[in-house]
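Trainee: Pasting a structure here, questions to come.
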Amino acid sequence: MVKSTVRFPEEVLEIVQGHIDDGAFANRSEFQRFAVEFLLSELEAEYEPLLEEFDEIRQEALEGGSPEAAEYISEADSSEFLRTAGRVRQCAVRGDLETARELIDTRYPPSSPKAMLLDLIVEGATPRRSRRLEE
Numbered sequence: 001m002v003k004s005t006v007r008f009p010e011e012v013l014e015i016v017q018g019h020i021d022d023g024a025f026a027n028r029s030e031f032q033r034f035a036v037e038f039l040l041s042e043l044e045a046e047y048e049p050l051l052e053e054f055d056e057i058r059q060e061a062l063e064g065g066s067p068e069a070a071e072y073i074s075e076a077d078s079s080e081f082l083r084t085a086g087r088v089r090q091c092a093v094r095g096d097l098e099t100a101r102e103l104i105d106t107r108y109p110p111s112s113p114k115a116m117l118l119d120l121i122v123e124g125a126t127p128r129r130s131r132r133l134e135e
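Position 1 (the sequence shown) corresponds to 1 in the numbering used here; numbering is contiguous.
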């Protein structure tokens, strides 16, 4: 596996920690792996999640265990989310991080699972040189 460091606002990590404390996720790494796998399964029709417990986590976290998370997921129709995800990624790949983050911030609350997934897209799509300059 490849290690990747992702930075999140403190309020986002507090919400993630709440889900960990509730038992929906074992730790932050599992949360982040699930978030990436979930987004890929939504974006790519042929993608099969590699996380062994993906279906169980998805059911508990999104369908049964957390009404608030399910509310955010259904907040916008999937085509709107996919268009936003595509645009966010495009901006990040081109080095326009300000626009990518602005798109996320204006469309989703920071605690939204969709916002967290989009933040991961920005992190993953950001050219290494830009990441070093930001730090």
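Don't be surprised by glycine CBs; every beta carbon is placed ideally from N, CA and C.
Would you say the beta carbon of Y108 comes nearer than 7 angstroms to a heavy atom of the ligand NAD?
Mentor: With respect to small molecules bound, the structure shown includes none, and the ligand NAD cannot be examined in it.
Trainee: Mapping the DSSP letters down to three states, classify E80 as helix, strand or coil.
Mentor: Looking up residue 80 in the sequence shown gives position 80. Note: E80 maps to helix in three-state DSSP.
Trainee: In or out: A92 buried (at least 16 other Cβ within 10 Å) or exposed?
Mentor: By 1-based counting over the sequence shown, the position of residue 92 is 92. By the neighbour-count rule (16 or more Cβ atoms within 10 Å), A92 is buried.
Trainee: Please classify D21 as buried or exposed, where buried requires at least 16 neighbouring CB atoms within 10 angstroms.
Mentor: For the purposes of this step, residue 21 is taken as the residue at position 21 of the sequence shown. With fewer than 16 other Cβ atoms within 10 Å, it is exposed.
Trainee: What three-state label does DSSP hand D55 in the structure shown?
Mentor: Counting from 1 along the sequence shown, the entry for residue 55 is found at position 55. Helix.
Trainee: If you draw a straight line from the alpha carbon of F136 to that of F54, how long is it in whole angstroms?
Mentor: This structure cannot settle anything about residue 136, because the visible part of the chain is limited to 1 through 135.
Trainee: Of the residues L62, L103, R7, which one's Cα is nearest the Cα of F81?
Mentor: Within the sequence shown, the letter at position 81 stands for residue 81. It is L103 whose Cα lies nearest to the Cα of F81.
Trainee: Spatial neighbours of A100 within its chain, please: C-beta separation below 7 angstroms, excluding the five flanking residues on both sides.
Mentor: Your numbering for residue 100 matches position 100 in the sequence shown. For A100, same chain residues with a beta-carbon under 7 angstroms away, outside a window of 5 residues either side, are V88, C91, A92, V122 in chain order.
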